[in-house]
Amino acid sequence: MTNHKKLIIILLGPPGAGKGTQAKLIEDRYNIPHISTGDILRDAILKNSALGKKANFYMQKGDLVPDNIIFDLIENRVDQPECKNGVLFDGFPRNVRQAKMLQNMDYIKDCENFFAILINIPDEEVIKRLSNRRYCPKCKSIYNLIHKIPKRKVNGVYLCDYCGTELIIRDDDKVETVKNRLKVYYDSAEPMIDFFRNLSVLHIIEDTVLQEDVFHEITKIIEEELIYEPSDRHKLSFASSERQKWS
Ligand code: AMP
C-alpha cells in the first residue's frame with residue numbers, strides 16, 4: 380500500500396498515549412518515516428551534542444524545548460529524500476506556534492492527505508503507563524510492564540526483545556516530571572487541537588487498552604480518505620474547500 384499521494388500524519392495525545400507504538404505500526408503500513416522529535420532530542424542528549432546539551436535543560440524538567448530549536452530540526456529532517464512520500468509526526472507540533480509553522484512549510488503545501496489523529500487517555504492511565512514504561516535507547520522500542528512485557532530479564536534488568544540492549548526508564552517518565560508534562564500538555568496542546576479541528580483535519584480516538592484496536596481505528600480513518608496516485612476520485616471525501624483551507 381505505497382501508491383498513495385504524499386501522506387502526512389500527525390499523532391497527538393498526552394504522554395503515554397501510545398503514540399510511539401502506533402507510529403511504528405503506521406510507518407510499516409504506509410511506508411512513511413516516523414519522525415519523533417522526542418527520539419531525535421534524546422539521541423542528541425546521548426551523543427552530548429550541542430543540540431542535546433540545550434534540549435536536556437528543558438527535558439529534565441518536563442518543559443518544552445524552545446520552538447526555534449524544533450523548527451530547525453524539523454526543516455532539516457523533512458528535507459531528506461525518504462520524506463518525499465510523506466511523514467508521520469509524533470510529538471510535533473506541540474503548540475499552536477509549531478502548528479502554524481508546519482502549516483506554512485513548503486513541504487506540506489501540496490499535500491492532499493493530511494491527518495491529525497488524537498489518541499485520548501485519562502490522566503490516571505497516563506501516570507500508570509509511564510511509570511511502567513521501559514525504553515530501548517538503541518532501537519527505540521517501547522515496552523510496558525503491564526501490557527507489553529519484555530521477554531528477557533538478566534540480573535533484574537529487562538532486555539530489548541529486538542536488539543538485546545538493556546532497557547531503561549526515561550528520566551522524564553519519573554512521576555514528578557510526568558505531572559509537569561501533563562500540565563504542559565494541557566496548557567499548550569488544547570489550543571492546538573482546536574486549531575486542527577478548525578481546519579477540519581482532526582480525528583479523535585478514545586483509547587482502549589488494546590493497541591491493536593487503536594491501530595485498527597487509525598487505519599480506518601486514513602483509508603476512508605486516502606487519495607492514491609494517480610488521482611483516485613471516488614476516494615475524495617475530504618472536501619476540496621477544506622483542503623484549500625489547510626494548504
Ligand atoms: P516525547 O518523547 O514526545 O514525550 O518528548 C519528550 C520531551 O522532549 C518533551 O517533554 C519535551 O521536553 C521535548 N520535546 C519533544 N518534542 C517537542 C516539541 N515538538 N516541542 C518542544 N519540545 C519537545
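For the sequence shown, our numbering begins at 380 and goes up steadily by one. Glycine is no exception: its CB is placed at the ideal position from the N, C-alpha and C atoms.
Exposed or buried, residue i, counting other C-beta atoms within 10 Å across all chains shown (16 or more means buried)?
i: HIS582; result: buried
i: PRO472; result: buried
i: ASP407; result: exposed
i: GLY535; result: exposed
i: ARG421; result: buried
i: ALA423; result: buried
i: GLN477; result: buried
i: SER415; result: buried
i: SER520; result: buried
i: LYS398; result: buried
i: VAL636; result: Because the chain here runs from 380 to 626, residue 636 falls outside it and cannot be looked at.
Rounded to whole angstroms, what's the CA-CA distance from residue i to residue j? Just pull it up for me.
i: LEU443; j: ASN559; result: 10 angstroms
i: ASP551; j: ARG513; result: 12 angstroms
i: ILE496; j: PRO393; result: 12 angstroms
i: THR544; j: PRO412; result: 23 angstroms
i: ASN382; j: SER567; result: 35 angstroms
i: ILE600; j: GLY441; result: 31 angstroms
i: ILE448; j: ILE419; result: 12 angstroms
i: ASN523; j: GLN590; result: 12 angstroms
i: ILE584; j: SER428; result: 37 angstroms
i: THR556; j: PRO609; result: 47 angstroms
i: ARG456; j: CYS462; result: 8 angstroms
i: PHE468; j: ILE388; result: 6 angstroms
By the three-class DSSP mapping on this structure, what secondary structure does residue i have?
i: VAL554; result: helix
i: GLU585; result: strand
i: VAL593; result: helix
i: ASP422; result: helix
i: PHE575; result: helix
i: ARG546; result: A quick correction: the sequence has Leu, not Arg, at residue 546. DSSP places LEU546 in coil when its eight states are reduced to three.
i: LEU430; result: helix
i: PHE471; result: coil
i: GLY395; result: coil
i: LYS528; result: Checking the sequence, you will find Ile at residue 528 rather than Lys. Residue state, collapsed to three classes: coil.
Would you mind listing the alpha helix (DSSP H) stretches within the segment 482-518 that are 4+ residues and don't spill past its ends, in chain order? 485-488, 502-510
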